[in-house]
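*Asks:*
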Amino acid sequence: ILNVEQSPQSLHVQEGDSTNFTCSFPSSNFYALHWYRWETAKSPEALFVMTLNGDEKKKGRISATLNTKEGYSYLYIKGSQPEDSATYLCAFIDYGQNFVFGPGTRLSVLP
Amino acid sequence: GAGVSQTPSNKVTEKGKYVELRCDPISGHTALYWYRQSLGQGPEFLIYFQGTGAADDSGLPNDRFFAVRPEGSVSTLKIQRTERGDSAVYLCASGYPGVANVLTFGAGSRLTVL
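The listed protein sequences correspond, in order, to chains A and B. If you want our numbering, it's the position in the first sequence, counting the first as 1, plus 713. If you want our numbering, it's the position in the second sequence, counting the first as 1, plus 36.
(1) How would you label residue 762/A, buried or exposed, when you count the other beta carbons within 10 angstroms and need 16 or more for buried?
(2) Here's the rule: buried if 16 or more other CB atoms are within 10 angstroms of the residue's CB, otherwise exposed. What is residue 79/B?
(3) Rounded to whole angstroms, what is the Cα-Cα separation between residue 84/B and residue 67/B?
(4) State yes or no: is the beta carbon of residue 77/B nearer than 9 Å to at least one beta carbon in chain A?
(5) Within the region 109-133 of chain B, note down every full beta strand (DSSP E) run reaching 3 residues or more, in order along the chain.
(6) Could you please give me the residues that DSSP links to residue 818/A through a beta bridge?
(7) What's the C-alpha gap between residue 754/A and residue 745/A?
(8) Would you mind sorting residue 716/A into buried or exposed? The rule is 16 or more other CB atoms within 10 Å of its CB.
(9) Return the Cβ separation of residue 752/A and residue 822/A in integer angstroms, given the expectation that the two are a contact with Cβ distance under 8 Å.
(10) Three or more beta-carbon pairs under 8 Å between the region 55-65 of chain B and the region 108-116 of chain B, yes or no?
(11) Are the C-beta of residue 82/B and some C-beta of chain A separated by less than 9 Å?
(12) Can at least three beta-carbon pairs, one atom from the region 42-49 of chain B and one from the region 760-778 of chain A, be found at a separation below 8 Å?
(13) By the three-class DSSP mapping on this structure, what secondary structure does residue 80/B have?
(14) Cα separation between residue 89/B and residue 103/B?
(15) From residue 119/B to residue 748/A, what distance separates their C-alpha atoms?
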């Protein structure tokens, strides 16, 4: 059974603070890692696709890094805004195209 | 259609009843996934279709759960003899196989078993 963990489970920050959270996954049979953002009452939407060890991706104020050898990825948000409030999910994909999601990190940005 | 469509959006049923949840994926997407999200948890994998066949059904919790995709497009998740523990949001997602191909999720079907 593949185990994908995310920490912290939830996070409350003030508007303007920078924050980061972690996705841990098996370091073997790695194919890709995806990050998704899931806002309340909406469907999860893809943020990043990461494949290579050392990958760094950026979209506006949000960025992510990947370490496949040790099995973790970090998601960073710089200068958090209330609209960043959402659950952030990572998904580990193995060579069998199996997507295994972590439990998510629930971020609340207070104005 | 433009996105992944799931129906019904909300279903309330009584314990012991039979339920069907439908997923209409994006046209042309060969991969289709069903997930279940219970309160406070991340999406839990149920079943993955590649075309018409179930490539991996290892996530189905027991034999009360069954899913089909007879023509390689629309999929139906069937739950027999529902139990209160089946209450969750059932998410469907579709995509193309391949590392860069992210999943597109539907809005989910919220099932409540009384």
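Cβ coordinates follow ideal geometry from the N, Cα and C atoms, glycine included. Just so it is clear, the structure is predicted and the values come from calculations on it, not from any experiment.
*Replies:* Looking at the atomic coordinates:
(1) buried
(2) buried
(3) 7 Å
(4) yes
(5) 111-115 and 124-131
(6) 801/A
(7) 27 Å
(8) exposed
(9) Going by Cβ atoms, the distance from residue 752/A to residue 822/A rounds to 12 Å, so no, they are not a contact pair.
(10) yes
(11) no
(12) no
(13) strand
(14) 10 Å
(15) 32 Å
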